[in-house]
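Each remark here refers to the structure printed beneath this line.
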Amino acid sequence: MAYSDFKLIEIIDFFGLVIHESSGLFASVDEQECSDLLSTILKENVDLAVAISTEKARGKMIISPILLEIRRKFNYQISLFSGVDFTVDSQRGLNGFCDFILSLSSEQLFVRSPVIVLVESKNENLRSGLAQCIAEMVAAQLFNERGGNQIKAIYGAVTIGTIWQFLKLEVNVVSIDLSEYYIKDIKKILGILYSAIAQSKPEIIC
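So the mapping is simple: the numbering used here equals the position in the sequence shown, first residue as 1, plus 49.
Now the structure itself:
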């Protein structure tokens, strides 16, 4: 198996996870300002990416600029990876490629713990990406433990670029925010991503 092979019920049973669903899980998170650069990029790219209607277009033209904005907000002290092999435990199906990974390490040549946010890009409904994203979050948790980094929570997001849904993994509890965040809520999307990193490594807040 690989990350993309898991079904939701399979990964819950296989890893002994508990699912907690709620709306507004991240409602209290403060928004983050959107830079003029990102505003311009999204204004130019969103409609074009939607018209092209491929996962690759949405990833490069919408998702990547948003994650690069987060990296800038932390003064490039975090690393961003896209389309990299993230094999952690192939015996348990924790292997394959991740669309996007944010790590608290500043090293950019290879993925180093602690991994904190995983973003799964889809070109269809969000629910289809939940199982894969959760599998990647479980892998990140194990990856961090092996690296000696006891990060309290791993965050995940499933997105088609214009719509985002967020998750959080603590120990064996996966919290899924049933609320969907639209690209017009870009400040909120940035706020959730920023908060996920800031809570885990507050000393690099700029």
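The C-beta atom is built at its ideal place from N, Cα and C for all residues, glycine as well. From a predicted model like this one, the values you see are computed outputs, not experimental measurements.
Taking the C-alpha atoms as reference points, what is the distance between Glu173 and Lys105? 12 Å
Cβ shell of Ala189 (< 7 Å), same chain only, five flanking positions each side left out: Val164, Leu167, Ile203
Work out the CA separation of Val222 and Lys201 for me, nearest whole Å. 11 Å
Close-in-space but distant-in-sequence residues of the same chain around Arg161 (CB under 8 Å, 5 per side omitted): Ser128, Ser152, Ser154, Gly196
Suppose the cutoff is 7 Å on Cβ atoms and the five residues either side in sequence are ignored; what does the same chain contact list for Asp148 look like? Gly108, Ser131, Gly132, Val168, Glu169, Ser170
Short CB-CB distance (under 8 Å) between Lys201 and chain C: Although the question refers to chain C, the structure presented lacks it and comprises just one protein chain.
Helix or strand or just coil, what does DSSP make of Glu82? coil
Going by DSSP in three states, Ser128 sits in which element: helix, strand or coil? strand
Can you find the residues in the same chain that come closer than 6 Å, C-beta to C-beta, to Thr136, ignoring five residues on each side of it along the sequence? Asn144
Touching by the beta-carbon criterion (3+ pairs, under 8 Å), the segment 207 to 216 and the segment 62 to 71: no
Going straight from the alpha carbon of Leu191 to that of Tyr52, what length do you get? 14 Å
Span separating the alpha-carbon of Glu80 from that of Asn198: 28 Å
Count the other CB atoms within 10 Å of the CB of Ile254; is the residue buried (16 or more) or exposed (fewer)? Residue placement at Ile254 cannot be trusted, given a pLDDT of 48 that sits under 50; what the coordinates show is reported in the next sentence. Exposed is the call here.
Cβ-heavy atom distance, Glu118 to the ligand FAD, below 7 Å: Ligands displayed in this structure: none; no statement on the ligand FAD is therefore possible.
Please classify Glu173: does DSSP put it in a helix, a strand, or coil? coil
Spatial distance of Ile246 from Leu57 (CA atoms): 26 Å
CB-CB under 8 Å to Glu212, same chain, minus the five flanking residues each way: which ones, in chain order? The sequence shown places Ile at residue 212, not Glu. Result list for Ile212: Leu175, Glu229, Tyr230, Tyr231, Ile232, in chain order.
Gly240 lies in the alpha helix (DSSP H); which residues open and close that run? 235 to 249
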